[in-house]
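Asks: Sharing a structure, written as structure tokens. Questions coming.
Written out as structure tokens, the structure reads:
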């Protein structure tokens, strides 16, 4: 089997789909540093199932996905595919059926940004375990000896004994056996767990089957008792139907008689209703007359009230009109006075305006004169100003030219000074740049820091693993403790429920007990506890006491006898402490406390140990005495009795069982309280362990962050070294440019200084005409005129304002006068209107007063008529009341009879309903009335049948809760237990088989490991002298057990007697490791071998030996190696180059050495 090619897409720097072929036995991968050569080795390791990102030179598994470059965006997934050819007969037997029809297989792995890994085998999805299982024993795998990466060749020699053992196991092909052994142990563990669960289930089933057996027997007895109960219920229902039917017929006869009496009373009541109607008719006619008179009186009252209201309103209106007229006269007088005041104010303002107008006209003439003089002065000043500006303009132009020249000279000097400063800065910058040695020291420092952080990271990972193991142990303890606690809690619940059911069973009363208690309550008799509750019997005599007392144990205890006994079933015991009788020795009374009132009975029952002793005592018994034994045998000279006809437990035994359950409940409660604290303690310890794990995880995350920062700082230092080199060259170029700029600016400065000398000579020849005095005189005169003009304007403004104010006040006064005159006219018109209204209201007021007197006279006449009619209606009302009393008496008598009818009908219907209910009970029992009457005995009585039902109900009650499905459940659970017993046997047989398989695997593993170790040791001893030209090397075991012993290596090059292999140089360690690897390859050659710069620490001579050895091994093994050594490159039959034309993106370039040589020879 050989590796045909690799397909990469999005894996690290191989962003584009790239195919790397391996057509020859020796393929060398070459290229500059950092171009992505080692990514090919990482890709092979990754696709073979590598799960550690650290071994892939990353922090997370998603780091293998291309993360972008300067001109490329990141991709979403990485994919690597390996294609193998000539695979037949080289892979695991489990895969033989899948590849029998093909000569090559492909294995592909894909990872996405969300860390989802997918594996494919020949294009079909599979598990990671499927991939690793394929290559077990072939020397391939994520950690195999066939893939040697950078630095791994020296670590191989310095690895721990157990790590070195892995390479020997892979060479021996026992890794697949170890994997199978591990699977077998897991199966055994799972099987034992299943056995534990199965044992628990079987134990529970055994308990459940015992209970179900008891329940099934109880269910069978329950069915028999229910059949008898059904028979007695049916016959009792027939008896009740007969009784209720007779009572219903009797009440129906009385109902018919009462209804006849009701019919007679109805005829009498109709006659009295007719008389009452005629009397009420008379009242109605008189009432109608009264109604008409009252309606007339009401109308008159309304008219009188309305007239009085109108009179009152008209008088109020006249009063208001008089008041308004007085107010109007006063307002007219005030308006006339205000008009006269406004007229005087207008005359005064008119006089003031006539005095101010001449002053305003005089002021305006003065302002016009001043404006003309000022305008002439300003024209003369403007002419002088124009002349001066022309002279000053020429002088200013010359000064500006001189200033421009001076500015250019200053700028040139500033540029020269700035250039010199820039020159000094460049020189300082060149001097301040660090040397390459300093940056390299920083680089070394960061590398050492990264190594130290990696070591701390590994230590914290170990601590985290220990913390995780502690947490799992505590979780196991907590789970076990909780299971025990839950089991105890379940037991506590079961005991509590059992006690509660038993208490309910003891407190449940039979029907006759309930009827008896109700009857005693109606009689007013006080009840004490039940007889069974007051007794305290020795345990061994409980069955004897239950046999003697039997139904008496359910009796009620009373203090005094009732007046009568009306119940069908009565069982009463007079107060036990009344007239106490001392208990005699060796009698049943001596074994009982709390029953002194029964000692008269129990003193006549002697005690015997067994039947033989009792039989010997019979000759000495009197007529009233008997004997009882411990096992419940009661006998005398006239009878022998033992046990009860029902299988239910006795009352005294139930009381004792209840006490026992109560004690168990208290003990379980105490245990639960005690162990709750220990559960909380384990939970708190678990919480502390989890917090420690969280702290370790945070430390691990912090160290990872520090490692990333250190790695980034190292990259920054390297970048700084490259940047500093470029800066130095840039500064040298800038310095040459600045020096050239200084020379050019100095030449420009000389030319500007010459121009400045010429301009200064021309300025001295100019003569300036000074007219500043003339301008000052003109400006002074102009200011004087402007001041006088301003004062005149201010005076005009004041006069204008006074005039306008007087005009405004005059206008306001005239407007106010007009408004007052309008108000005066309005008040006069209002006064006339009020006078007219007063005259109009006088006539209606007289009319309303006359009409009011007429209506008052009519009301007096209506009152007289009403008094007459009321007097005649009073006698008619007395007659109606007498008739209504007679009617009410008849009605009361009818109501009484109807109530009797209703009660009789209700009683008849009640008995009828009860009879119907009795028939419905027969329907519910699914029996027919005629069949029950035919089978029912003639002497059957309801009380006797009720007693029989009570006894049956008591027997059913003693059975307790019944599970009718217990019979079928018992059969099902019994069959299930037999099946589980068979499963238990099968599991034990399976464990024995698996343990035998493990023993066989161990034997084969020991044998194969021993043979492989000896063969690899022999090959190492022969290869080492060949590689080194002498010396010796050997392998050694650290223990005696071949299953877990470690492997160490010792090597001594020629002329050296080192005590440990760690004293060898890097090159010697590399050659020793290669010797070991090639020794393993001789025994079990892997399909291919990948070497990543393993020749880096070797000199040319050792590289030659290494190349010869590889060339020799290439006859049986396919080699793919990465190298920078020319000798190693020359050895390859096929060169594959990796380049990085585009930053961050790797590409492939392949060269066939044989074809290249052939082309060279042809040319």
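Numbering (the working numbering), first residue to last: 30 to 1192. C-beta atoms are modelled at their ideal positions from N, C-alpha and C, and glycine is treated no differently. The structure presented is a predicted model; accordingly, all values stated were derived computationally and were not measured.
Around the C-beta of residue 369, are 16 or more other C-beta atoms found within 10 angstroms, so that it is buried, or is it exposed?
Replies: In the chain shown, counting from the first residue as 1, residue 369 sits at position 340. The residue in question, residue 369, is exposed, as its Cβ has fewer than 16 Cβ neighbours within 10 Å.
Asks: Assign residue 491 to one of two classes, buried (16 or more other C-beta atoms within 10 Å of its C-beta) or exposed (fewer than that).
Replies: Taking the chain shown and counting its residues from 1, the one referred to as residue 491 is at position 462. Flag for residue 491 reads exposed.
Asks: Identify whether residue 615 lies in helix, strand or coil by the three-state DSSP scheme.
Replies: Numbered from its first residue, the chain shown carries residue 615 at position 586. Here residue 615 sits in coil by DSSP.
Asks: For residue 285, which option in 931, 1157, 216 and 997 has the closest C-alpha, if you only look at C-alpha atoms?
Replies: Here residue 285 is taken as the residue at index 256 of the chain shown, counted from 1. Checking every option, the nearest Cα to that of residue 285 belongs to 931.
Asks: Grouping DSSP H, G and I as helix and E and B as strand, with all else coil, what is residue 128?
Replies: Translated into the one-based positions of the chain shown, residue 128 becomes position 99. In this prediction, residue 128 scores a pLDDT of 47, lower than 50, which makes its location untrustworthy; the coordinate-derived value is nonetheless stated afterwards. Correct three-state label for residue 128: helix.
Asks: Along the alpha helix (DSSP H) that carries residue 960, what are the first and last residues, could you check?
Replies: By 1-based counting over the chain shown, the position of residue 960 is 931. Element bounds for residue 960: 958-964.
Asks: Relative to the alpha-carbon of residue 300, which residue among 238, 659 and 912 has its alpha-carbon at the smallest distance?
Replies: Taking the first residue of the chain shown as position 1, residue 300 is located at position 271. Here the closest residue by C-alpha is 912.
Asks: Tell me which residue opens and which closes the alpha helix (DSSP H) that residue 1111 is part of.
Replies: Your numbering for residue 1111 matches position 1082 in the chain shown. Segment 1095-1112, the alpha helix (DSSP H) holding residue 1111.
Asks: Starting from the C-beta of residue 1121, find all residues in its chain whose C-beta is less than 7 Å away, skip the five residues before and the five after it, and write them out in chain order.
Replies: Looking up residue 1121 in the chain shown gives position 1092. 67, 70, 177, 178, 179 and 1151.
Asks: Sort 395, 295, 1124 and 879 by Cα distance to residue 923 and report the nearest one.
Replies: Locating residue 923 in the chain shown gives position 894, counting from the first residue. For residue 923, the nearest C-alpha among the options comes from 295.
Asks: From the DSSP output, in three-state form, read off residue 174 for me.
Replies: Here the question's residue 174 lines up with position 145 in the chain shown. Here residue 174 sits in coil by DSSP.
Asks: The alpha helix (DSSP H) with residue 1022 in it runs from where to where?
Replies: The residue given as residue 1022 occupies position 993 in the chain shown. Per DSSP, residue 1022 belongs to the alpha helix (DSSP H) from 995-1057.
Asks: If you run the structure through DSSP and keep just helix, strand and coil, what is residue 134?
Replies: Start at 1 with the first residue of the chain shown, and residue 134 comes out as number 105. DSSP places residue 134 in strand when its eight states are reduced to three.
Asks: When DSSP builds the beta bridges, which residues end up paired with residue 1136?
Replies: As a working mapping, residue 1136 is identified with position 1107 in the chain shown. DSSP output for residue 1136 lists no bridge partner at all.
Asks: In whole angstroms, what is the alpha-carbon distance linking residue 225 and residue 511?
Replies: For the purposes of this step, residue 225 is taken as the residue at position 196 of the chain shown. For the purposes of this step, residue 511 is taken as the residue at position 482 of the chain shown. Residue 225 and residue 511: Cα-Cα distance of roughly 17 Å.
Asks: Among 712, 245 and 1028, which has the Cα closest to the Cα of residue 509?
Replies: Your numbering for residue 509 matches position 480 in the chain shown. Among 712, 245 and 1028, the Cα nearest to that of residue 509 is on 712.
Asks: Within 10 angstroms of the Cβ of residue 382, are there 16 or more other Cβ atoms? Answer buried if so, exposed if not.
Replies: In the chain shown, residue 382 corresponds to position 353, counting from 1. By the neighbour-count rule (16 or more Cβ atoms within 10 Å), residue 382 is not buried but exposed.
Asks: Can you grab the Cα-Cα spacing for the pair residue 976 / residue 668, in whole Å?
Replies: Reading the chain shown from its first residue, position 947 is the one you call residue 976. Reading the chain shown from its first residue, position 639 is the one you call residue 668. Spanning the two alpha carbons is a distance of roughly 25 Å.
Asks: Across the segment 1121-1138 and the segment 184-195, are there enough close Cβ pairs to call them in contact, namely three or more that are closer than 8 Å?
Replies: Flag = no, the segment 1121-1138 and the segment 184-195 do not touch.
Asks: Secondary structure at residue 754, three-state DSSP: helix, strand or coil?
Replies: As a working mapping, residue 754 is identified with position 725 in the chain shown. If DSSP states are grouped into helix, strand and coil, residue 754 belongs with the helices.
Asks: Return the CA-CA distance between residue 1186 and residue 739, expressed in angstroms with no decimal places.
Replies: For the purposes of this step, residue 1186 is taken as residue 1157 along the chain shown, with counting starting at 1. For the purposes of this step, residue 739 is taken as residue 710 along the chain shown, with counting starting at 1. So the two alpha carbons sit approximately 47 Å from each other.
Asks: Can you tell me where the alpha helix (DSSP H) holding residue 663 begins and where it ends?
Replies: By 1-based counting over the chain shown, the position of residue 663 is 634. Segment 662-664 is the beta strand (DSSP E) holding residue 663; no alpha helix (DSSP H) there.
Asks: Quick check on residue 232: buried or exposed, where buried means 16 or more other Cβ atoms within 10 Å of its Cβ?
Replies: Here residue 232 corresponds to residue number 203 of the chain shown, with the count starting at 1. With fewer than 16 other Cβ atoms within 10 Å, it is exposed.
Asks: In terms of residue numbering, what span does the alpha helix (DSSP H) encompassing residue 1160 cover?
Replies: Your numbering for residue 1160 matches position 1131 in the chain shown. Per DSSP, residue 1160 belongs to the alpha helix (DSSP H) from 1155-1160.
Asks: Going by Cα to Cα distance, which pick from 1147, 1118 and 920 is closest to residue 291?
Replies: Taking the chain shown and counting its residues from 1, the one referred to as residue 291 is at position 262. Ranking the options by Cα distance to residue 291, first place goes to 920.
Asks: Within the same chain, show all residues whose beta-carbon is closer than 7 Å to that of residue 92, passing over the 5 residues directly before and after it, in chain order.
Replies: In the chain shown, counting from the first residue as 1, residue 92 sits at position 63. Taken in chain order, the residues that qualify are 82.
Asks: Quick one: using the 10 Å Cβ neighbour count with 16 as the cut-off for buried, is residue 162 buried or exposed?
Replies: What you label residue 162 is simply residue 133 of the chain shown in a count that begins at 1. Counting Cβ neighbours within 10 Å, residue 162 comes out buried, since at least 16 surround it.
Asks: Might you give, ordered along the chain, the residues of its own chain that have their beta carbon closer than 6 Å to the beta carbon of residue 137, omitting 5 neighbours on each side?
Replies: The sequence position of residue 137 within the chain shown is 108, counting from 1. Cβ within range, chain order: 110 and 149.
Asks: Just to confirm my understanding: we take residue 157, look at its own chain, exclude 5 residues before and 5 after, and list those with CB closer than 8 Å. What are they?
Replies: The count along the chain shown starts at 1 and reaches residue 157 at position 128. Closer than 8 Å at Cβ, skipping near neighbours: 78, 80, 146 and 148.
Asks: Can you tell which of 1003, 88 and 1081 has the C-alpha that lies nearest to the C-alpha of residue 483?
Replies: Mapped onto the chain shown, residue 483 falls at position 454. Checking every option, the nearest Cα to that of residue 483 belongs to 88.
Asks: Decide if the segment 334-348 is in contact with the segment 805-821; the criterion is three or more beta carbon pairs, one per stretch, under 8 Å apart.
Replies: Counting Cβ pairs under 8 Å, fewer than three are found: no touch.
Asks: Among 638, 528 and 527, which has the Cα closest to the Cα of residue 570?
Replies: By one-based count along the chain shown, residue 570 stands at place 541. Nearest of 638, 528 and 527 to residue 570, Cα basis: 638.
Asks: If distances are taken between C-alpha atoms only, which option among 862, 1171 and 980 comes closest to residue 349?
Replies: Position 320 of the chain shown, counted from the start, is the residue given in the question as residue 349. Closest by alpha carbon: 862.
Asks: Are at least three pairs of beta-carbons, each pair with one atom in the segment 1091-1103 and one in the segment 1034-1045, less than 8 Å apart?
Replies: Verdict: no, contact absent.
Asks: Alpha helix (DSSP H) containing residue 1115: first to last residue?
Replies: For the purposes of this step, residue 1115 is taken as residue 1086 along the chain shown, with counting starting at 1. That residue, residue 1115, is in no alpha helix (DSSP H); it is neither H nor E in DSSP.
Asks: Helix, strand or coil for residue 185 per DSSP?
Replies: Taking the first residue of the chain shown as 1, we reach residue 185 at position 156. Three-state DSSP puts residue 185 in a helix.
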